[in-house]
Structure formats: structure tokens, C-alpha cells
Amino acid sequence: MSTGPTAVIEEGPGGLDERILATLQTLHGRIAFSGLRRVLHAHPESLSRSLRRLEREGRVDRSSDGYRITEEALDASHPSAPQLRPIGQVTLPPGTVAESVLGRLAGRWFGSLRWVGVVEGPSGQLLTWAKRDGSAYILLGVRRGSLRVYLRDQGAADDVTEAEDAAYELMVHALDALRPSRFEPSSPVGFLSAGVDPGGAFSDN
1 MSTGPTAVIE EGPGGLDERI LATLQTLHGR IAFSGLRRVL HAHPESLSRS LRRLEREGRV
61 DRSSDGYRIT EEALDASHPS APQLRPIGQV TLPPGTVAES VLGRLAGRWF GSLRWVGVVE
121 GPSGQLLTWA KRDGSAYILL GVRRGSLRVY LRDQGAADDV TEAEDAAYEL MVHALDALRP
181 SRFEPSSPVG FLSAGVDPGG AFSDN
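Per this note's numbering, the sequence shown starts with residue 1, numbered consecutively.
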């Protein structure tokens with residue numbers, strides 16, 4: 001897939017190190033090298049050097065699934081819980097295996113969204129994409145029998161509108177992922193109002 005030239009950011013090791021830690025803190029989970037490179041727009045060699053340095057310092061842990069911030073580094077940074085805004089949800093048809101649906105979406109690119117990795121949310125794992133320019137994260141997971149899409153925006157008002165459009169587009173692709181099954185969605189997509197309290201994204205209500 002051709003996406004045209006991508007700008008890379010060259011910077012001193014300290015700056016990139018901190019950006020890596022901030023990203024891994026924000027997206028608390030295991031992020032693949034390619035996902036970090038897309039989010040940070042970093043040169044692969046610079047990113048490799050920073051990750052090796054952070055691993056030696058005990059601030060980043062590496063496994064076959066990717067990189068994550070260590071508990072020691074997480075405690076030192078005093079992170080706040082991610083504020084995610086619900087965008088939409090659809091009830092999974094009876095008998096649908098959630099892991100099968102998520103497996104059809106993981107690792108794929110959709111429009112302006114680039115695959116980042118699987119992160120840990122308060123209620124389980126979330127598939128994560130980033131806008132090409134890094135202005136927003138779109139997350140998708142299954143909770144209480146529903147496929148749910150969340151937005152973690154971090155840009156200006158115009159960027160947020162574009163991020164919402166991307167989140168709606170992801171929901172459409174999520175619905176498409178249900179179609180290979182012999183079941184059809186049992187309820188329409190429920191788009192939530194823009195005024196939802198971000199802190200309620202993982203509430204029990």
C-alpha cells in the first residue's frame with residue numbers, strides 16, 4: 001500500500017526517549033516497533049537506538065509482541081488513566097466469537113488510520129490505530145457483548161472532527177468484519193453524543 005512520502009523527525013536521544021515513554025504511557029500495552037515508528041514519525045535507526053537504551057535502563061520491556069513501559073517507569077511518571085470518549089457500539093450477534101472479529105481487524109490499515117498495536121484498557125485489551133499525522137488515537141474493543149469504538153483525541157477542534165470521522169469509518173469496517181459469519185448484527189450501530197463524559201468510557205453503566 002502506497003501512502004506517499006512520510007516525514008521523519010530527527011532529534012536528540014533525550015527528546016525521542018521521552019516521547020517513546022510518553023507514548024507507551026498513554027497507550028499502556030505492548031506496541032510493535034512499526035506502530036511506534038508510525039506514531040512518533042521517527043527514523044527507524046534512531047528509534048532502535050532509543051529503545052535499546054531505554055531497555056538497558058529498565059524503563060522499557062521488549063518481547064515478541066512489542067514494547068511496553070515497565071512498572072517502575074510507570075510509577076515514576078505518575079500517569080493518569082487514559083481519557084477515552086465513546087464513539088459508537090454495536091451488539092455482537094449471539095454466538096459470535098469476539099476474538100475472531102478482532103482478529104480480522106488487527107494489523108490492518110483503514111483510510112487515514114495506521115495500525116499501532118494492542119493496548120491494555122481498564123476493562124481489557126483494545127486494538128489501537130493512530131491517524132497518519134499522529135493527532136488522535138482510535139481504539140476498538142469488546143465489552144459486555146458489544147463491539148465498541150473509542151476516541152482519544154489530542155488536537156484542535158478541526159482535528160477532533162476529522163478524528164471522529166475516522167472513528168466512524170473504523171466502526172463501518174468493524175461491522176464488515178462481522179459479515180463473513182453466518183450471523184448478521186442484531187442491532188444498529190449506536191452513535192453516542194459528543195458530550196459523553198470521557199471518564200465514563202469504561203463505566204458499568
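C-beta atoms are modelled at their ideal positions from N, C-alpha and C, and glycine is treated no differently. Note that the structure is a prediction, hence the values are computed from the model and not measured.
At least 3 beta-carbon pairs within less than 8 Å: the segment 163-173 vs the segment 91-98: no
Unbroken beta strand (DSSP E) run spanning L139, endpoints: 136-143
Chain-order list of residues whose beta-carbon lies under 6 Å from that of G111 (same chain, five-residue window excluded): E169
Segment contact flag, the segment 21-41 with the segment 63-70, C-beta cutoff 8 Å, min 3 pairs: yes
Short Cβ contact (9 Å threshold) for T128 with I20: no
Rounded separation between V101 and L178 - CA only: 6 Å
Residue from R38, V39, F33 whose Cα sits closest to the Cα of R52: F33
Reference H173, options L147, E162, V160, closest by Cα: L147
Beta-carbon separation (whole angstroms), L126 vs L139, contact threshold 8 Å: 4 Å
Ranges of the beta strand (DSSP E) found wholly within the segment 30-64, counting only runs of at least 3: 60-63
For V119 and D133, the rounded distance between their alpha carbons: 20 Å
R85: first and last residue of the uninterrupted beta strand (DSSP E) it sits in: 85-91
Three-way DSSP call (helix, strand, coil) for V97 in this model: coil
R104 (DSSP reduced to helix, strand or coil): helix
Buried versus exposed call for P44 [16 or more other C-beta atoms within 10 Å across all chains shown]: exposed
Rounded separation between L16 and G29 - CA only: 19 Å
Nearest-angstrom beta carbon gap, L47 and L40 [assumed within contact, 8 Å]: 7 Å
Status (buried if at least 16 other CB within 10 Å, exposed otherwise) for F183: Any reading at F183 must be qualified, since the residue scores a pLDDT of 43, below 50, and its modelled position is unreliable; the value itself is stated next. Flag for F183 reads exposed.
Straight-line Cα distance separating E162 from A73: 33 Å
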